[in-house]
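Below is one structure, written out as structure tokens, with a few remarks after it.
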Amino acid sequence: MQERAARTRQALVHAAAREFDDNGYAAASLTGIGKAAGTSTGAVTFHFTSKAALADEVHAQGVAVTRHALQQVDHQAGPLRSAIAMACAVVRCLENDVAVRAAARLDRDREDCPPNWRAVWSTAVEEELAKAAGTPSCASANPSLVLALVLYLVHGAEVDVRAQRRRGAPETRAGSASDLFTRMWDMLLPAVEGPPPSS
Numbered sequence: 007m008q009e010r011a012a013r014t015r016q017a018l019v020h021a022a023a024r025e026f027d028d029n030g031y032a033a034a035s036l037t038g039i040g041k042a043a044g045t046s047t048g049a050v051t052f053h054f055t056s057k058a059a060l061a062d063e064v065h066a067q068g069v070a071v072t073r074h075a076l077q078q079v080d081h082q083a084g085p086l087r088s089a090i091a092m093a094c095a096v097v098r099c100l101e102n103d104v105a106v107r108a109a110a111r112l113d114r115d116r117e118d119c120p121p122n123w124r125a126v127w128s129t130a131v132e133e134e135l136a137k138a139a140g141t142p143s144c145a146s147a148n149p150s151l152v153l154a155l156v157l158y159l160v161h162g163a164e165v166d167v168r169a170q171r172r173r174g175a176p177e178t179r180a181g182s183a184s185d186l187f188t189r190m191w192d193m194l195l196p197a198v199e200g201p202p203p204s205s
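To get our numbering, take the position in the sequence shown, counting from 1, and add 6.
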């Protein structure tokens with residue numbers, strides 16, 4: 007019985023994530039989420055007392071997936087490259103996990119949505135960029151400008167992921183959003199790092 011309840015609960019969370027991702031918080035309804043999960047509205051309210059409680063669970067799962075991806079980043083290449091690798095990991099999460107996309111959208115749709123999904127990853131990136139500012143290989147880099155660039159590019163990648171999903175195409179001629187994001191950073195990193203220090 008408990009296993010079945012756990013499966014139903016997870017099916018509801020997944021259906022809610024799709025609904026929040028596709029239509030936003032305001033347009034989502036418990037009836038629609040229950041229908042998408044193949045269950046009744048009564049089953050939804052048995053597991054979640056409100057749409058806000060369900061959104062909190064979806065958001066928490068998206069945050070957990072993102073945190074896990076950030077923890078997997080290899081930091082051996084130095085703080086600047088670690089920061090960019092973290093941003094690339096976030097874009098892959100957006101591309102591959104509906105709960106992450108829903109968490110990103112819920113951040114914008116709900117003012118009372120703690121912890122802020124964007125803050126979870128942008129704070130980690132910002133910390134790495136602060137470390138990078140003190141290294142000889144990127145002493146000329148302005149951490150706040152690099153962070154702003156990361157934020158803009160991740161937001162653009164999120165928009166691209168959503169557009170690709172609406173079209174039903176997993177990627178454009180330029181490749182997937184994460185491939186394109188990685189290639190852009192391969193192009194931008196030499197400019198951010200600046201010339202190698204003279205001996």
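Virtual Cβ for every residue (Gly too), placed ideally from N, Cα, C.
Chain-order list of residues whose beta-carbon lies under 8 angstroms from that of residue i (same chain, five-residue window excluded)
i	result
ARG107	ALA23, ASP27, GLY68, LEU100, GLU164, VAL167 and ARG168
ARG98	ALA75 and SER184
CYS94	SER184, PHE187, THR188 and TRP191
THR14	ALA43, THR45, ALA49 and HIS53
C-beta contact flag for residue i and residue j at 8 angstroms
i	j	result
VAL50	LEU36	yes
SER150	GLY200	no
Same chain, Cβ closer than 6 angstroms to residue i, five either side skipped, listed in chain order
i	result
MET92	LEU76, VAL79, ALA130 and VAL131
Residue from the options with nearest C-alpha to residue i
i	options	result
ALA21	ILE39, SER56, ARG116 and THR72	ILE39
ARG116	SER150, ASP192, HIS65 and ALA139	HIS65
ALA59	VAL104, GLN170, LEU112 and GLU9	LEU112
ARG73	GLY48, GLN82, ASP103 and PHE52	ASP103
Own chain, CB closer than 7 angstroms to residue i, minus 5 neighbours either side, in chain order
i	result
VAL152	LEU135 and VAL198
LYS57	ALA34 and LEU36
N-terminal and C-terminal residue of the alpha helix (DSSP H) that residue i is part of
i	result
CYS144	CYS144 -> no alpha helix (DSSP H), and no H or E assigned at all.
THR115	Just to set this straight, residue 115 is Asp in the shown sequence, not Thr. Looking at the DSSP string, the run of the alpha helix (DSSP H) that includes ASP115 is 104-115.
Count Cβ pairs between the region 42-51 and the region 125-139 that sit closer than 8 angstroms; are there 3 or more? Contact between the region 42-51 and the region 125-139 is absent: fewer than 3 CB-CB pairs across the two stretches fall below 8 angstroms.
Is the region 75-90 in contact with the region 134-145, if contact means three or more CB pairs nearer than 8 angstroms? yes
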